[in-house]
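Sequential numbering from 17 applies to the sequence shown in my numbering.
Read the structure below first, then the notes.
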Amino acid sequence: MQPILSLQGISYSYHNLKGETPALSDISFQVAHGEFLAIVGPSGCGKSTLLSIIAGLLTPESGSLSYRGKCLADCGTEDTVRIGYMLQRDHLFEWRTIYQNVTLGLELNHALTRENQDYVLKLLEDYDLYAFKDKKPSELSGGMRQRAALIRTMAIHPDLLLLDEPFSALDSQTRLNVSADIAQIIRNTNKTAVLITHDLSEAVTLADRVLVLSKRPASIKCEMPIQFSIDRRDPMAVRNTAEYQLYFNHLWEVLTNEQSVFQTA
Numbered sequence: 017m018q019p020i021l022s023l024q025g026i027s028y029s030y031h032n033l034k035g036e037t038p039a040l041s042d043i044s045f046q047v048a049h050g051e052f053l054a055i056v057g058p059s060g061c062g063k064s065t066l067l068s069i070i071a072g073l074l075t076p077e078s079g080s081l082s083y084r085g086k087c088l089a090d091c092g093t094e095d096t097v098r099i100g101y102m103l104q105r106d107h108l109f110e111w112r113t114i115y116q117n118v119t120l121g122l123e124l125n126h127a128l129t130r131e132n133q134d135y136v137l138k139l140l141e142d143y144d145l146y147a148f149k150d151k152k153p154s155e156l157s158g159g160m161r162q163r164a165a166l167i168r169t170m171a172i173h174p175d176l177l178l179l180d181e182p183f184s185a186l187d188s189q190t191r192l193n194v195s196a197d198i199a200q201i202i203r204n205t206n207k208t209a210v211l212i213t214h215d216l217s218e219a220v221t222l223a224d225r226v227l228v229l230s231k232r233p234a235s236i237k238c239e240m241p242i243q244f245s246i247d248r249r250d251p252m253a254v255r256n257t258a259e260y261q262l263y264f265n266h267l268w269e270v271l272t273n274e275q276s277v278f279q280t281a
């Protein structure tokens, strides 16, 4: 099956008056339809830069990106490229209700049809936020706000979800539960997701595959498929398995090893 996303030889540098700062070097990988991919790496290595390039917010200096087999640079207005971007913070507007927040993207895209409104209401109901649809963001917990932010992203029917450390602002217990909850939502709706995270435990618990980036300029050090013999609905049960410990230990060794290592486990 054709991958939903393909990157080939992506490189990027930041430029200012003091000179050039290489951020990414020859990044190549593919993402299959319905796959949950996690990308980890040292702080400042260029993970968010990579996500911004995938989202079309930055243009690579070299290399190419393809979406469903078509080069993103060649996609015109007649092409449908549905990419949802979920940021580190929920960015919900306090002067809008939760319902008004989650339908904001539809409003901006002039797509607030009855069908889409019904879809949003179903998402709110399915993920325990319907009773809070008329509340303001400050009346919700951090985990509930993140679910609202995900529903806002899902409302535009994206094929590909980009998640830039969306759980980093939550406390440890909430983060564990909400991240597993959101990963389950993504899987249940058969969406494709690319997650940027600093947290190896999170990557192993949630992802179908993990890419480890080197320090800047980032290149791919390791690619590791992740499989568990148990259901992933309970994140603590997953973390208590021998499989989890093996994956975590190997990824930690790769991440802390200064030499380049590329292998598929």
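C-beta atoms are modelled at their ideal positions from N, C-alpha and C, and glycine is treated no differently.
- [ ] With Arg-225 as the anchor, note down where its beta strand (DSSP E) starts and where it stops.
- [x] One-based indexing of the sequence shown puts residue 225 at position 209. That run of the beta strand (DSSP E) goes 225 to 229.
TODO: Tell whether a beta-carbon distance below 8 Å holds between Val-56 and Val-254.
DONE: Translated into the one-based positions of the sequence shown, residue 56 becomes position 40. Translated into the one-based positions of the sequence shown, residue 254 becomes position 238. Cβ distance not < 8 Å, so Val-56 and Val-254 don't count as in contact.
TODO: For Ser-230, collect the residues of the same chain with a Cβ closer than 6 Å to its Cβ; drop the 5 residues on either side in sequence, then sort them by chain order.
DONE: Taking the first residue of the sequence shown as 1, we reach residue 230 at position 214. The residues are Lys-237.
Task: As assigned by DSSP and simplified to three states, the class of Met-102 - done: Numbered from 1 along the sequence shown, position 86 holds the residue referred to as residue 102. In this structure, Met-102 counts as strand in the three-state DSSP scheme.
Task: the region 135 to 152 touching the region 105 to 124, judged by at least three CB pairs closer than 8 Å - done: yes
- [ ] Pick helix, strand or coil for Pro-38, following the three-state DSSP scheme.
- [x] For the purposes of this step, residue 38 is taken as the residue at position 22 of the sequence shown. Three-state result, Pro-38: strand.
Open item on the list: From the DSSP secondary-structure annotation, give me the bridge partner or partners of Lys-86.
Closed with: Indexing the sequence shown from 1 puts residue 86 at position 70. Tyr-83, per the DSSP bridge assignment.
Open item on the list: Here's the rule I'm using: 16 or more other beta-carbon atoms within 10 Å means buried, otherwise exposed. How should Tyr-143 be labelled?
Closed with: For the purposes of this step, residue 143 is taken as the residue at position 127 of the sequence shown. Counting Cβ neighbours within 10 Å, Tyr-143 comes out buried, since at least 16 surround it.
Open item on the list: Let's test the definition: count the other Cβ atoms within 10 Å of the Cβ of Lys-14 and tell me whether it reaches 16, buried, or not, exposed.
Closed with: Any property of residue 14 remains undetermined from this structure, which presents the chain solely from 17 to 281.
Task: Three-state secondary structure assigned by DSSP to Ile-201 - done: Sequence index remark: in the sequence shown, residue 201 carries index 185 (1-based). Three-state DSSP puts Ile-201 in a helix.
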